[in-house]
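Chemist: Would you mind keeping the following structure in view while I ask a few things?
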Amino acid sequence: MKLSKLLFLPIIALLAVSCVSVRVTTDYDTKVDFSKYKTFAFYKKGIDKAPISDLDKKRIMRAIEAELIAKGMKKSSSPDVLVSLFTKSRERINVNDNRFGGFWYPWYYGPSPMRVSQHTEGTLFIDLLDAGKKELVWQGIGTGALSVSNVERKEARIKEFVKEIMAKYPQGSQNK
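In numbering that gives the first Met the number 0, the protein residues as written are 0 to 175.
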């Protein structure tokens with residue numbers, strides 16, 4: 000009995016981690032030498048279009064700035080790259096049917112073992128544009144469940160999104 004409980008714990012842990020993780024994809028211009036980018040600035044025109052509050056924009060921009068500085072870049076008034084962002088969100092409904100394959104049990108009388116949960120899934124797009132050409136050179140996209148229960152959790156979740164996305168810049172983090 001105890002062994003079966005111990006084997007069940009890693010499954011629960013895996014499910015818990017998969018619910019809070021950020022799924023990241025990137026796209027980039029294969030002809031660009033990312034090592035030439037040493038300075039950055041935020042692209043206000045692009046950021047103003049993001050459909051989120053100004054407070055969340057500031058949180059995202061602070062997190063991006065911290066990650067780029069940690070990668071050795073510097074904020075500048077004459078940057079090599081411009082940083083823009085965009086967000087999307089949607090409501091997700093998960094239906095879990097716990098009836099082991101959907102069989103009908105005539106001897107089972109009671110509440111349905113089906114569980115329904117709802118959460119908001121957010122997507123953050125971080126775009127890096129070559130400042131001279133005003134062309135997109137790298138895009139990181141992070142998608143995951145949003146946590147908006149309080150300001151501290153929201154800020155931590157934003158930092159997690161940005162950190163996971165920026166871990167892929169420069170492409171694969173090998174070009175640094």
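Heads up, the beta-carbon is just placed ideally off N, CA and C, and yes, glycines get one too. In this text the structure is predicted, and so the values were computed from the model without any measurement.
Could you tell me which residues DSSP puts in a beta bridge with glycine 121?
Modeler: Ser88 and Gly143
Chemist: Considering only their Cβ atoms, is the gap separating leucine 81 from alanine 130 smaller than 9 angstroms?
Modeler: yes
Chemist: Report the residue from Lys167, Lys35, Val136 and Ile51 whose alpha carbon sits nearest the alpha carbon of lysine 87.
Modeler: Nearest to lysine 87 by C-alpha distance, out of Lys167, Lys35, Val136 and Ile51, is Ile51.
Chemist: Would you call the segment 160 to 167 and the segment 60 to 67 in contact, with 3 or more CB pairs under 8 angstroms?
Modeler: yes
Chemist: Tell me the DSSP secondary structure of serine 148 in three-state form.
Modeler: In the structure shown, serine 148 sits in coil (DSSP, three-state: anything other than H, G, I, E or B).
Chemist: Indicate whether valine 237 and threonine 142 have their beta-carbon atoms separated by less than 9 angstroms.
Modeler: What the structure shows of the chain is the stretch from 0 to 175, and residue 237 is not part of that stretch, so it cannot be assessed.
Chemist: Answer with buried or exposed for valine 21, where buried requires no fewer than 16 other C-beta atoms within 10 angstroms of its C-beta.
Modeler: buried
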